[in-house]
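Input: a single structure, listed below in structure tokens.
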Amino acid sequence: NGNLSSANASSIPISSLPVDQQDVLPGPDSLNTNSTAGTRAVDNLNSTVPVTTNQANTHPAAKSAVPFQRKLATNDPDEEVQFSLWLGTWNVNSLRSKWTEIVPFIEQNDVTVLTETKIDKSVSDATISVEGFIVSRLDRNCHGGGIASYFKSSLRPIELTAKQDEYSRLGLEVNINSINTITWGRSIIVAVYRPPSASKEWFVSFNSLIMDLLPLGRLFIIGDLNANLIKADNYPGNELMTSLALAQCMV
Numbered sequence: 030n031g032n033l034s035s036a037n038a039s040s041i042p043i044s045s046l047p048v049d050q051q052d053v054l055p056g057p058d059s060l061n062t063n064s065t066a067g068t069r070a071v072d073n074l075n076s077t078v079p080v081t082t083n084q085a086n087t088h089p090a091a092k093s094a095v096p097f098q099r100k101l102a103t104n105d106p107d108e109e110v111q112f113s114l115w116l117g118t119w120n121v122n123s124l125r126s127k128w129t130e131i132v133p134f135i136e137q138n139d140v141t142v143l144t145e146t147k148i149d150k151s152v153s154d155a156t157i158s159v160e161g162f163i164v165s166r167l168d169r170n171c172h173g174g175g176i177a178s179y180f181k182s183s184l185r186p187i188e189l190t191a192k193q194d195e196y197s198r199l200g201l202e203v204n205i206n207s208i209n210t211i212t213w214g215r216s217i218i219v220a221v222y223r224p225p226s227a228s229k230e231w232f233v234s235f236n237s238l239i240m241d242l243l244p245l246g247r248l249f250i251i252g253d254l255n256a257n258l259i260k261a262d263n264y265p266g267n268e269l270m271t272s273l274a275l276a277q278c279m280v
């Protein structure tokens, strides 16, 4: 579906959800696609939730958003109510330099993960706040890396700092939050950035994180993993495919 190049970082939204015949996605004709302003694309995979990536987009500033939808029955057997959760991700390659473009992208989603934010503690939450949203961040420094996750305030995210700190010490850049909704139940949003230079041990730690989080709720793994899934037989694509299978993802 998409090309993630280790040379040119591209964003990839990934979700792990148990197969549920009530979980459905609309066909692409119902979505707006604009290659200049970013991509909104989903696949309809027999009522299961797919992994969606940018289609042939390897530009460092690539961004995408995907809706996860569930139809729930009502008291009327002929009526259903559809709920949507919009998830977006963007490798911004410096949050401050693109702030005027970033704000409207955040505002169109329920959850947005920004990678390579390139900020540190000298940048306060207030200076990167968006009205109606809560920001959770993991900074590296002003020269590289970093993650910022934005949640609609109504989702009331809880940052899992202990788990986040544990795996940060193992070399993972992850920002982990729990949200709870009537429609989706408890969900764990795992925002992740894997640098192109990461060692193979990165996936060992990542798989351990997945195993630790699976009992806590539905996993949404969102971010930039710098892996080419078109060449999934080669490293690091093959390692990412193993991780996605472990997390019960579908590609």
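Counting along the sequence shown from 1, when you hit position 204 you're at 233 in the working numbering, and nothing is skipped either side. Every residue gets a Cβ at the ideal spot worked out from N, C-alpha and C, and that includes glycine. Note that the coordinates shown come from a computational prediction; the quantities given were computed from them, not determined experimentally.
Considering only T144, H172, R166 and S113, the residue with the shortest C-alpha distance to E188 is R166. Burial is judged here by how many other beta carbons sit within 10 angstroms of a residue's own beta carbon; I211 has fewer than 16 and is exposed. When C-alpha distances from T190 are compared across L238, S226 and I205, the shortest belongs to I205.
By the criterion of a C-beta distance shorter than 6 Å, V221 is surrounded in its chain by V203 and G252, once the five residues flanking it on both sides are discounted. Assigned with DSSP and collapsed to three states, I259 falls in coil, not helix or strand.
Residues G175 of the same chain have their beta carbon placed closer than 6 Å to that of R169, with the five preceding and five following residues left out of the count. Beta-bridge partners of K181 (DSSP): F162. Apart from the 5 residues on each side of it in sequence, L199 sits with its Cβ closer than 7 Å to the Cβ of S234 in its chain, given in chain order. Ranked by how close their Cα comes to the Cα of R223, the residues G246, L143, S183 and S153 have L143 in first place.
Collapsing the DSSP output to three states places I176 in a strand. The beta carbons of L124 and N138 sit no closer together than 9 Å.
DSSP, read as helix, strand or coil, puts I211 in coil. Pairing F232 with P186 gives a Cβ-Cβ distance that is not under 9 Å. The three-state secondary structure of T190, taken from DSSP, is helix. Cβ-Cβ separation between S216 and G246: approximately 5 Å, consistent with a contact (criterion under 8 Å). Taking every protein chain shown into account, the CB of A155 has fewer than 16 other CB atoms within 10 angstroms, so this residue is exposed. Looking at the DSSP output, W115 shares a beta bridge with P96. Under the three-state reduction of DSSP output, A274 falls in the helix class. In the same chain as L275, and ignoring 5 residues on each side of it, the C-beta atoms closer than 6 Å to its own belong to N236 and I239, in chain order.
Under the DSSP assignment, L143 falls in the beta strand (DSSP E) whose first and last residues are V140 to T144. Residue range R247 to D253 is occupied by the beta strand (DSSP E) that includes L248.
In this structure, DSSP gives I148 a state outside helix and strand, which the three-state scheme calls coil. In this structure, the beta-carbon distance from V132 to V159 falls below 9 Å. Setting aside the 5 residues that flank it on each side, Q193 is surrounded in the same chain by L167, V203, N204 and I205, each with a C-beta closer than 8 Å to its C-beta; the list follows chain order. Counting every other CB atom within 10 Å of its CB across the protein chains shown gives I157 a total of 16 or more, marking it as buried.
Put simply, of W119, L114, F112 and S113 the residue whose alpha carbon is nearest the alpha carbon of S93 is W119.
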